[in-house]
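Input: a single structure, listed below in structure tokens.
Number of protein chains: 2
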Amino acid sequence: MSEFRMSKETRQQRLRQQLEADPFLTDEELARLFKVSIQTIRLDRLELGLPELRERTKQVAAKVYAQVRSLSGGEVYGDLIDVQLGRSGLSILDTDENMGFARTKIVRGHHIFAQANSLAVAIIDAPTALTGSAEIRFLRPVKVGERIVAKAQVIESVKNRFRVKVESRIDQEEIFHGDFVVFAMEDGQWAGD
Amino acid sequence: MSEFRMSKETRQQRLRQQLEADPFLTDEELARLFKVSIQTIRLDRLELGLPELRERTKQVAAKVYAQVRSLSGGEVYGDLIDVQLGRSGLSILDTDENMGFARTKIVRGHHIFAQANSLAVAIIDAPTALTGSAEIRFLRPVKVGERIVAKAQVIESVKNRFRVKVESRIDQEEIFHGDFVVFAMEDGQWAGD
DNA sequence: TTACTATTGGCATCTGGTATTAATATGTGA
DNA sequence: TCACATATTAATACCAGATGCCAATAGTAA
């Protein structure tokens, strides 16, 4: 019979945690969970500034969606500033929120790689070019919001095999470099594979 | 005045594509887009078996959410299937149209890298982990639509420095492998940088 | 008791739909 | 050209999961 009555404060804290753990709970379910009325839950959400179920769902969905899309963009990841086909190229990437880890705001390595890789491929003077291998190094973490400038240069080419060096900088400071081996190919070379 | 009237069939096809590209469109917006009434859109969705906005949103959200939550949500590129923190992990990436070059339908290397890299980082048992360097090799081109299974294994760890080997396969055939050096870090280690 | 906060209830309203039925267009074959 | 089929639009009732607002009640400390 002794129905414990949680203090408003602790209830609200737990509410926060609960929704963090599972954002797909309706107010009704939450009300049952905390043994209070639906209205109380709504008041709590209001006071805490927590959005409703649909909004939460949308936020979860949109977050990932943006992430995947950002990697899927055009043929070059970043903005191509200058290209001398077969020789060198330059691209800029403005990093943003959804390229980074939510907690640390540090840009995930594969975005930095994507910029370098797509640039390395873009400067090859051939209908199609594919990365064969690469040796890369991340020199310091990049924070969300920083602008990365990548410079690529062909340093050797033997037949259809190119070695491309890419250096990425933020304000002159080198934050990444990579040696890429890229293969140029005739159209349809791999088509019947 | 010549208002073109798309055939029902082509409209429905485009509707499908449109929702694939952006699942967050209401019937109203779709109606405007296709210049038909809202009812027509609803009939189309019914015939095509396409769920309503909220359902679509939920599905996108749930998919992400299903991925192991050991990291904060959708931090991994691909679907995390299994993780033994500090030891090994497995992820699947279903490649699609917009991961590839439009002309050749070959998946851009950085998507393959992104899967491997984020997996390598995910299996480290630390609040934060960052890629320091990597040596990678693309063994054959991947065509759009193929399913890549990446397997990662920690093969050495000295203090906060881990060497992780990742092998990516399509139907048992190895298509990529990489040696990553990943650093684990305490919370806030780079914060004041 | 009084005063105040916390909780609950009731009601109108909103969005983005489903489900159903009916009224119009529009096109096509005979 | 008429008749029928198919496609489109319209109208209405209903639902979930909310918001916003106001009034009623419970609990609690001075």
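Going line by line, the protein sequences match chains L and D.
Heads up: the first sequence is residues 4 to 196, going by my numbering.
Heads up: the second sequence is residues 4 to 196, going by my numbering.
C-beta atoms are modelled at their ideal positions from N, C-alpha and C, and glycine is treated no differently.
Since we're looking at a predicted model, the values are computed, not measured.
As summarised for the region 113-149 of chain D, the continuous beta strand (DSSP E) elements at least 3 residues long and confined to that stretch are 131-141, given in chain order. As computed with DSSP, D:Lys38 is found in no beta bridge at all.
Going by C-alpha positions, L:Asp30 is about 36 Å away from D:Gly92. D:Gln118 and L:Glu159 have their C-alpha atoms roughly 29 Å apart.
Of the candidates D:Glu55, D:Ala132, D:Leu51, D:Ala125, the residue whose Cα lies closest to the Cα of D:Glu189 is D:Ala132.
Ranked by Cα distance from L:Asp85, the first of L:Ser10, L:Phe179, L:Arg172, L:Lys154 is L:Lys154. For L:Ser40 and D:Glu58, the gap between their C-alpha atoms comes out near 27 Å. When DSSP states are grouped into helix, strand and coil, D:Ser160 belongs to the strand group. Going by C-alpha positions, L:Ile126 is about 12 Å away from L:Glu78.
D:Phe165 does not reach chain L, its nearest Cβ partner there being about 14 Å away, counting only Cβ pairs nearer than 9 Å. In the DSSP assignment, L:Glu177 falls outside any alpha helix (DSSP H) and lies within the beta strand (DSSP E) extending over 176-188. The C-beta of L:Met9 has fewer than 16 other C-beta atoms within 10 Å across all chains shown, which makes the residue exposed. L:Val71 and D:Phe179 have their C-alpha atoms roughly 21 Å apart. Distance from the Cα of D:Pro26 is smallest, within the candidate group D:Thr60, D:Lys38, D:Phe116, D:Gly52, for D:Thr60. Note on D:Gly103: 16 or more other CB atoms within 10 angstroms of its CB, so buried under the neighbour-count rule. For L:Ser94, the nearest beta carbon of chain D is not closer than 8 Å to its own beta carbon. Arg106, Thr107, Ile109, Arg111, Gly112, His113, His114, Phe116, Ala117, Asn120: these are the residues of the region 106-120 of chain D whose beta carbon lies less than 8 Å from some beta carbon of chain L, given in chain order. For the region 126-151 of chain L, the set of positions with a beta-carbon nearer than 7 Å to some beta-carbon of chain D reads Thr131, Leu133, Thr134, Gly135, Ser136, Ala137, Glu138, Ile139, Arg140, Phe141, Pro144 in chain order.
Of the other Cβ atoms in all chains shown, 16 or more fall within 10 Å of the Cβ of D:Arg111; this residue is therefore buried. Across the region 24-36 of chain L, no CB contact with chain D closer than 7 Å is found for any residue. Taking a cut-off of 8 Å for Cβ pairs, the region 165-175 of chain L and the region 163-177 of chain D do not touch, as fewer than three such pairs fall below it. The C-beta of D:Glu176 comes no closer than 8 Å to any C-beta of chain L. Look at D:Ala187: its C-beta is not under 8 Å from any C-beta on chain L. Contact annotation: in the region 56-73 of chain L, residues whose CB is within less than 9 Å of a CB in chain D are Arg57, Arg59, Thr60, Lys61, Gln62, Val63, Ala64, Ala65, Lys66, Val67, Tyr68, Gln70, Val71, Arg72.
Residues of the same chain with a CB within less than 8 Å of the CB of D:Ile109, apart from the 5 flanking positions on each side, are Gly103, Pro144, Val145, Lys146, Val147 in chain order.
At a cut-off of 8 Å between beta carbons, D:Glu159 makes no contact with chain L.
Taking a beta-carbon distance threshold of 8 Å, D:Glu170 does not count as an interface residue toward chain L. Between the beta-carbon of D:Val67 and that of L:Val67 there is about 4 Å, and that keeps the pair under the 8 Å contact cut. Residues of chain D whose Cβ lies closer than 7 Å to the Cβ of L:Glu78 are, in chain order, Phe104.
Counting only residues of its own chain and dropping the five nearest sequence neighbours on each side, D:Tyr80 has a CB closer than 6 Å to the CB of Ala117, Gln118, Ser121. Boundaries of the beta strand (DSSP E) around D:Leu96: 91-97. Under the DSSP assignment, D:Leu83 falls in the beta strand (DSSP E) whose first and last residues are 82-87.
For D:Thr13, the uninterrupted alpha helix (DSSP H) run begins and ends at 11-24, by DSSP. Under DSSP, D:Ala153 takes part in a beta bridge, and its partners are D:Ser94, D:Ser171. Around the beta carbon of L:Asp47, 16 or more other beta carbons lie within 10 angstroms, which makes this residue buried.
Excluding residues up to 5 positions away in sequence, nothing lies with its Cβ nearer than 7 Å to the Cβ of D:Ala24 in the same chain.
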